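One structure is given below, encoded as structure tokens.
There are 2 protein chains.
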Amino acid sequence: MAKILTGKNTSKKEVILQKAASLFKSKSYSAASMRELADIVGVEASSLYNHIGSKSELLQDICFKTGYQFLEQIEKIKNSSNSNVEKIETVIRFHIKTMAENFDEVYVANHEWKHLEEPYLTDFLNIRRNYEKSLMSFIETGIEEKEIRLVNSYVAMLTILSAVRGLEFWQRSKKNVPLQVLENDMVNQLLNGITK
Amino acid sequence: MAKILTGKNTSKKEVILQKAASLFKSKSYSAASMRELADIVGVEASSLYNHIGSKSELLQDICFKTGYQFLEQIEKIKNSSNSNVEKIETVIRFHIKTMAENFDEVYVANHEWKHLEEPYLTDFLNIRRNYEKSLMSFIETGIEEKEIRLVNSYVAMLTILSAVRGLEFWQRSKKNVPLQVLENDMVNQLLNGITK
DNA sequence: AGAAAAAACTAATAAGTGTTAGTTTTGTAA
DNA sequence: TTACAAAACTAACACTTATTAGTTTTTTCT
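Going down the list, the protein sequences come from chains H and F. Okay, so the first sequence: first residue is 794 according to the numbering used here, each after it adds one. Okay, so the second sequence: first residue is 794 according to the numbering used here, each after it adds one.
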């Protein structure tokens, strides 16, 4: 018994999950093979199965870990006493921070979820729909309370979430644009626009 | 000789391309098989090769057709005599319109380009970088000419392009949110924000 | 050291991959 | 009708896929 630890404090399964996320990100889930993953982990493909159930289980783990992470956070924000605009701002900042810290996993959850099998696919989409609803309710309450102009809350939610998702393209130019500038500018543009 | 026409005015190659775009969109390039595509076209897999060169050529055709379409449009906008803010607005509206009209192809170009082989991958990324540069220059000139607040032009460009790309999620709720509302609201939010 | 469990290995399976060769059918033009 | 080309077909090739079975090595605990 006794989980073998690779590295500091991470089980071998966690190592595999992390490398899988990185591989799925760069090659996409379907184009990534278990042999390739095994190579990266430094083991034969069949040995992976001592630690994981299947390839699709890897995808499930990545997607749901990320999904619940976001869902949990938005519940916290919901119960805070901030104004609605502040709640939206917090959502945007959390997205950017989480994306910067867990890039591979967030990327995979955003892009490869469609390869989930049922019932996981449905479950995942429900999580996402839930999350979207929460953000929309911030916008709608904000309109009611005169913090926000009268806009279509669905479009505003879509615009915000799409914009933050776009951070995946930022990766490359980390040096040129510091995270703080990106975060502040994006929040500002989404809430206040860019015109004078 | 004599191109056999399927449908009205479309060659068989065009039919294949269109169905390939739809298939690549829903299953992703790697997970889509030529036998599957053949089924949809109504033919045996090997027969496809009377009309196309290879699977990867299909992806190339889709990506570059879309890429040049956007590049061409932004060149036109560049040469117009509109203000910079108007130019940006035109870009956003063109994105939304093109996305609504050619959804499959735009989606594939946005998501599956990474499966392009060299030298096409490099070429495609150059097209995209070019496009991004043009949009950035609208923003920068807009700042110089006091139309636009002092923002980081890279972040603003990223925010705009990411937001419009997010239209892929809109598809489903076409009925609830008409295209005009979406277009106007998105332009408005990206340029003027949503706060009061 | 000896026992037990964990995790690695080799080898194989059955199914699926893009693509080609060779052949037959279909459609067009003389 | 005869000729020719376009486009369909069947069959096969050479690989790659995820995964399992069975075995051996490594690690851990007593």
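Ideal placement from N, C-alpha and C gives every residue a C-beta, glycine not left out. Owing to the predicted nature of the structure, the values given are computational and were not obtained by experimental measurement.
Q: Compare the beta carbon distance of Ile833(F) and Lys812(F) with 9 angstroms and say whether it is the shorter of the two.
A: The Cβ atoms of Ile833(F) and Lys812(F) sit closer than 9 angstroms to each other.
Report yes if the CB atom of Phe857(H) is closer than 9 angstroms to the CB atom of Ile953(H), and no otherwise. no
- With 16 other Cβ atoms within 10 Å as the buried cut-off, status of Ser955(F): buried
task: Would you verify that the beta carbon of Lys939(F) is, or is not, closer than 9 angstroms to some beta carbon of chain H?
output: yes
* Nearest-angstrom Cα separation, counted from Asn903(H) out to Leu991(H) -> The question about residue 991(H) has no answer, for chain H in this structure spans 794 to 989.
* Counting only beta-carbon atoms, is Val974(F) nearer than 9 angstroms to chain H? -> yes
query = What's the gap between the Cα of Met950(F) and the Cα of Leu984(F)?
reply = 11 angstroms
- Message: As an exercise, report each continuous beta strand (DSSP E) stretch of at least 3 residues that is fully enclosed by the region 841-869 of chain H, in chain order.
- Response: For the region 841-869 of chain H, there is no continuous beta strand (DSSP E) assignment of 3+ residues that stays within its boundaries.
Give a yes or no on whether the minimum CB-CB distance between Ala838(H) and chain F is below 9 angstroms.
Ala838(H) does not count as touching chain F.
9 angstroms Cβ cutoff met for Ala814(H) and Val957(H)
No, they are not a contact pair.
| said: Excluding the 5 residues flanking Thr934(F) on each side, which residues of the same chain have their C-beta closer than 6 angstroms to its C-beta? | reply: These residues qualify, in order along the chain: Asn877.
Exercise for review: Say whether chain H places a C-beta atom closer than 9 angstroms to the C-beta of Asp993(F).
Suggested key: This structure gives no information on residue 993(F), because the portion of chain F shown stretches from 794 to 989.
task: Taking all protein chains shown into account, decide if Gly986(F) is buried (16 or more other Cβ within 10 angstroms of its Cβ) or exposed.
output: buried
Is it true that the CB of Ala824(H) sits closer than 9 angstroms to the CB of Ser927(F)? no
Report task. Tell me, please, whether the CB atom of Val901(F) is closer than 9 angstroms to any CB atom in chain H? Result -> The beta carbon of Val901(F) sits no closer than 9 angstroms to any beta carbon of chain H.
- Query: Is there contact between the region 970-981 of chain F and the region 907-918 of chain F, where contact requires at least three CB pairs shorter than 8 angstroms?
  - Reply: no
With DSSP run on the structure shown, which of helix, strand or coil describes Ser804(H)?
-> Ser804(H): strand per DSSP, three-state reduction.
- From Val808(H), Gly860(H), Ser849(H), pick the residue whose C-alpha is nearest to that of Val836(H); which is it? Val808(H)
* Helix, strand or coil at Ile941(H) according to DSSP, with G and I counted as helix -> Reduced to three states, the DSSP call for Ile941(H) is strand.
Requested in this report: List the residues of chain F that Tyr924(H) touches, going by C-beta distances under 8 angstroms, in chain order.
Outcome: Near Tyr924(H) there are no residues of chain F at all, since even the closest Cβ is about 12 angstroms away, more than 8 angstroms.
Consider the Cβ of Lys806(H): report whether some Cβ of chain F lies at a distance smaller than 9 angstroms. With a threshold of 9 angstroms between beta carbons, Lys806(H) makes no contact with chain F.
Review point. To the nearest whole angstrom, what separates the beta carbons of Asn945(F) and Val970(H), a pair I think is in contact under 8 angstroms?
Key: 6 angstroms
Determine the chain F residues that contact Thr934(H) at a beta-carbon separation under 7 angstroms, and present them in chain order. Counting only Cβ-Cβ distances below 7 angstroms, Thr934(H) has no contacts in chain F at all, with the closest Cβ about 13 angstroms away.
Fill in: Anticipated Cβ contact below 8 angstroms, Ile889(H) with Leu943(H), distance rounded
Rounded, the Cβ-Cβ distance is 27 angstroms, inconsistent with contact.
**Report entry** Beta-carbon proximity check, Tyr913(H) vs Gln853(H), cutoff 9 angstroms
**Finding:** Judged by their CB atoms, Tyr913(H) and Gln853(H) are nearer to each other than the 9 angstroms cut-off.
Is the distance from the Cβ of Glu898(F) to the Cβ of Ile855(F) below 9 angstroms? yes
Practice item. Report back the beta-carbon spacing between Phe931(H) and Ile881(H) to the nearest angstrom; my notes put them in contact at under 8 angstroms. Key: 5 angstroms
For Ala813(H), would you say it is in contact with chain F, using Cβ-to-Cβ distances shorter than 9 angstroms as the test?
no
Q: Could you pull the start and end residues of the alpha helix (DSSP H) that Ile833(H) belongs to?
A: 827-834
Taking the Cβ atom as the reference point for each residue, do Ala838(F) and Leu851(F) lie within a distance shorter than 9 angstroms? Not closer than 9 angstroms, so no.
| CB contact below 9 angstroms: Gly959(H) versus chain F | yes
Query raised in the report: Between which two residues does the alpha helix (DSSP H) containing Leu960(F) stretch?
Result: Segment: none, Leu960(F) is in no alpha helix (DSSP H) and carries neither H nor E.
What residue range is occupied by the uninterrupted alpha helix (DSSP H) comprising Asn1000(F)? Because chain F is modelled from 794 through 989, residue 1000(F) falls outside the range shown and cannot be assessed.
- List the residues of chain H whose Cβ lies closer than 8 angstroms to the Cβ of Asn969(F), in chain order. Tyr947
ask   = Bridge partners of Thr988(H), per DSSP?
value = BP columns for Thr988(H) point to Ile941(F).
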